[in-house]
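Just so we're aligned, residue 3 is where the sequence shown starts under the numbering used here, counting upward by one.
So the structure is just underneath, and the comments pick up after that.
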Amino acid sequence: GVGTTKMFYGVDPDGQAFAQFISNFLSQYGRWNSPKYLIGESYGTTRNAVLANILEQQDNIDLNGVVMMSSILNFDTSIDQPNLNPGINLPYALALPTYAAVAWYHKALANPPATLHPWLDQVQTWAMGPYLRALNGGSALPQAQEQRIAAQMAQYTGLSKSYILKADLRVTGPEFEQTLLLPRGETSGRLDARFSGPTMDPLAESAAYDPQSAAISSAYTAAFNDYVRKTLKFGGNHNYKIVSNTVGNDWNLLHTPPGQTTPAYIATNVMPDLAAAMSYNPDLKVMVNAGYYDLATPYYAAWYQFEQLPMQRKLMHNIQFHYYHVGHMLYVRPQDLVKVHANIVTFIRSTDHEPVTH
3 GVGTTKMFYG VDPDGQAFAQ FISNFLSQYG RWNSPKYLIG ESYGTTRNAV LANILEQQDN
63 IDLNGVVMMS SILNFDTSID QPNLNPGINL PYALALPTYA AVAWYHKALA NPPATLHPWL
123 DQVQTWAMGP YLRALNGGSA LPQAQEQRIA AQMAQYTGLS KSYILKADLR VTGPEFEQTL
183 LLPRGETSGR LDARFSGPTM DPLAESAAYD PQSAAISSAY TAAFNDYVRK TLKFGGNHNY
243 KIVSNTVGND WNLLHTPPGQ TTPAYIATNV MPDLAAAMSY NPDLKVMVNA GYYDLATPYY
303 AAWYQFEQLP MQRKLMHNIQ FHYYHVGHML YVRPQDLVKV HANIVTFIRS TDHEPVTH
């Protein structure tokens with residue numbers, strides 16, 4: 003393409019580039035009257051929110067639906083490094099149900115429930131109630147209460163009470179991944195915490211790598227390259243990079259919210275964008291898909307963000323949630339791949355407004 007990286011590497015320019023491509027595609031292939039959907043995974047859900055608002059309000063392109071796969075709209079909810087943002091305790095509470103699910107999966111609980119549900123509902127209630135209140139108490143939290151919270155957290159997460167107290171009741175995602183299975187000499191995954199692998203440094207504070215990525219990256223890369231090059235006849239002699247530190251380091255995370263003229267100097271938060279798109283087009287439907295074992299974008303954090311969208315409450319009926327017994331990549335487990343596919347097909351058929359044919 004033509005241009006500099008600054009013209010594309012950022013929340014807002016990336017959204018504009020995608021919007022321009024979509025508009026051009028609709029014109030070139032005569033698809034203006036076709037049903038239109040966005041589907042995005044991980045950062046793709048951030049892009050979805052920005053893009054939906056641009057398409058609706060700037061380009062007058064109505065969408066039928068938006069499909070979210072492993073969502074993050076507000077980066078202040080990330081459990082990756084909340085320790086660098088002291089005073090913001092919400093990420094710890096929103097990640098705790100995922101910690102519990104992972105500990106249950108790996109049989110690391112002292113008193114495990116027979117099934118994940120309805121026990122996980124109990125964990126969610128405790129996380130957003132007594133646990134979050136205790137965190138918000140800060141240094142004023144009575145010692146006796148701190149002891150009780152640590153004991154209950156140990157029951158829910160499989161971590162030792164002493165470790166939790168040393169962590170000041172606040173355990174980041176990388177710390178959990180390093181610590182939960184450390185007695186077995188293993189590290190749990192980040193993208194999919196069902197995966198585990200040998201611990202590289204038993205004395206480290208945080209996980210040194212992601213066992214899930216180590217397990218599937220080669221197969222994922224091979225499948226993508228095979229499909230793109232053989233089927234789509236695209237790519238030529240260019241290398242496909244799963245992760246690019248150059249792009250990541252240069253990415254401009256500043257974002258100008260709807261109705262504003264300058265970027266907001268806060269953690270990236272595109273909740274207002276999705277809310278604006280759904281308000282502008284009250285027929286727009288959103289499908290949220292999340293995995294119980296995802297520590298990159300915890301499922302309960304996703305639920306919280308969508309429940310907090312700044313829009314009229316009646317529009318919440320346009321959002322549906324689906325949960326799966328997998329991690330970040332919802333298609334890794336064959337049973338859930340089938341479920342994800344079936345749910346997306348149902349979502350599209352219920353929103354495409356196309357005549358039913360037999």
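Ideal placement from N, C-alpha and C gives every residue a C-beta, glycine not left out.
Residues near residue i in its chain [Cβ-Cβ closer than 7 angstroms; skip 5 each side]
i, result
"residue 103", "118, 122, 294 and 295"
"residue 143", "136"
"residue 360", "Bear in mind that the predicted position of residue 360 carries a pLDDT of just 47, short of 50, making it unreliable; the figure below should be weighed with that in mind. So no residue of the chain qualifies."
"residue 236", "230"
Helix, strand or coil at residue i [DSSP, three-state]
i, result
"residue 208", "coil"
"residue 360", "Below a pLDDT of 50, predicted positions are generally treated as unreliable, and residue 360, at 47, falls in that range; no measurement from the model is reported."
"residue 201", "coil"
"residue 56", "helix"
"residue 193", "coil"
"residue 41", "strand"
"residue 162", "coil"
"residue 36", "coil"
"residue 50", "helix"
"residue 175", "helix"
"residue 12", "strand"
Beta-carbon proximity list for residue i, same chain, < 8 angstroms, skipping 5 on both sides
i, result
"residue 219", "244"
"residue 78", "87, 90, 92, 93, 268, 269 and 271"
"residue 193", "212, 214, 215, 296, 297, 298, 329, 330 and 331"
"residue 333", "339 and 342"
"residue 11", "249, 252, 253 and 254"
"residue 226", "242"
Inter-residue Cα distance where the pair is residue i and residue j
i, j, result
"residue 316", "residue 47", "22 angstroms"
"residue 177", "residue 183", "11 angstroms"
"residue 319", "residue 133", "29 angstroms"
"residue 258", "residue 14", "7 angstroms"
"residue 158", "residue 254", "38 angstroms"
"residue 195", "residue 150", "27 angstroms"
"residue 71", "residue 231", "25 angstroms"
"residue 1", "residue 97", "The structure shown does not extend to residue 1, since the chain is modelled only from 3 through 360, so no value can be given for it."
"residue 21", "residue 49", "10 angstroms"
"residue 110", "residue 262", "48 angstroms"
"residue 207", "residue 4", "44 angstroms"
"residue 335", "residue 146", "43 angstroms"
"residue 302", "residue 83", "17 angstroms"
"residue 155", "residue 24", "47 angstroms"
"residue 353", "residue 41", "14 angstroms"
"residue 288", "residue 349", "9 angstroms"
"residue 62", "residue 306", "29 angstroms"
"residue 199", "residue 180", "10 angstroms"
Neighbourhood of residue i by C-beta, 6 angstroms cutoff - its chain only, sequence neighbours within 5 removed
i, result
"residue 256", "265"
"residue 186", "none"
"residue 153", "163"
Of the listed residues the options, nearest to residue i (C-alpha basis)
i, options, result
"residue 39", "51, 190, 63 and 67", "67"
"residue 276", "167, 6, 9 and 65", "65"
"residue 148", "161, 131 and 167", "167"
"residue 138", "95, 114 and 165", "95"
"residue 131", "99, 18 and 112", "99"
"residue 51", "284, 75, 127 and 172", "75"
"residue 300", "32, 227 and 44", "44"
CB contact below 8 angstroms: residue i versus chain E
i, result
"residue 12", "Of the protein chains in the structure, only one exists, and it is not chain E."
message: To test your reading of the DSSP string, which unbroken beta strand (DSSP E) runs of 3 or more residues are found completely within the segment 294 to 338?
response: 321 to 326
- prompt: At which residue ranges does the segment 226 to 290 contain complete alpha helix (DSSP H) runs of 4 or more residues, listed in the order of the chain?
  reply: 247 to 252 and 273 to 282
field: Contained alpha helix (DSSP H) runs [length at least 4] in the segment 78 to 132, N- to C-terminal order
entry: 92 to 107 and 121 to 128
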